[in-house]
Each structure stands twice: as structure tokens, then as C-alpha cells.
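One structure below.
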Amino acid sequence: MLLDVVTELQLFVEVFLGVYTLAIFAYIITSWIQLPYSLRPVQRFLYEVCEPYLRLWRRVLPMPGPLDFSPMLALIGLIALNIVLQRVLGAFH
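For the sequence shown, the residue numbers in the numbering used here are 0 to 92.
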């Protein structure tokens, strides 16, 4: 019973962090290009989902001029979080 719960929790964490990683990539790409008016709600949704997390990283690392490394740090942070959570949850197996 506990193994099923732990396995499902591991899967949820992996899928959630994977989808959030893809959302950050989509946010980065849509910030580089001008989208048609019909896709602006998608761009706004990605902004509202990703920007609070990226803002945390911008506070830690000041931007050197026009370059913004916060998405790179955010993705590294998500990958590290995934590894840590998978190992912690794996300890219950």
C-alpha cells in the first residue's frame, strides 16, 4: 500500500516538474517572438505561471546588463529539486 502511494507521488512530482520545465521553455521562446493577437492569451498565461518563480531567481542573481540568466538558474533548480525529491521518496521503497 505504502509503495503504491510513494510510486504515484514520485510519478506526480516527475510529471509536474517536467510540465513546469516545458512551460518555462515555452515562456522563453514566446518572449523572443511577437505572437499573433489570437495567441496572446497563451503568452499571458505562460507569463502568469512562470514569472513568479523566475522572479525568485532574479532576486538571487542580479542581471548583468540586458542578459537574463534567471530561466537557466530556474531550470537547474527544478532539475535539482526533482533529483532530491526522487531520492527522498525513493528512500521509502
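Even glycine gets a Cβ: it sits at the ideal position worked out from N, Cα and C.
Beta carbon of residue i nearer than 8 Å to that of residue j
i     : j     : result
Ala79 : Trp56 : no
Cys49 : Ala22 : yes
Thr20 : Leu88 : no
Val4  : His92 : no
Leu34 : Gln42 : yes
Where residue i falls, given that 16 or more other Cβ within 10 Å makes a residue buried
i     : result
Ser69 : buried
Tyr36 : exposed
Nearest-angstrom Cβ-Cβ length linking residue i and residue j, presumed shorter than 8 Å
i     : j     : result
Ala25 : Leu38 : About 11 Å separates the two Cβ atoms, so there is no contact after all.
Practice item. Evaluate contact between the stretch 9-19 and the stretch 80-90, counting only Cβ atoms and requiring at least three cross-stretch pairs below 8 Å. Key: As far as the Cβ criterion goes, the stretch 9-19 touches the stretch 80-90, which means the pair count is three or higher.
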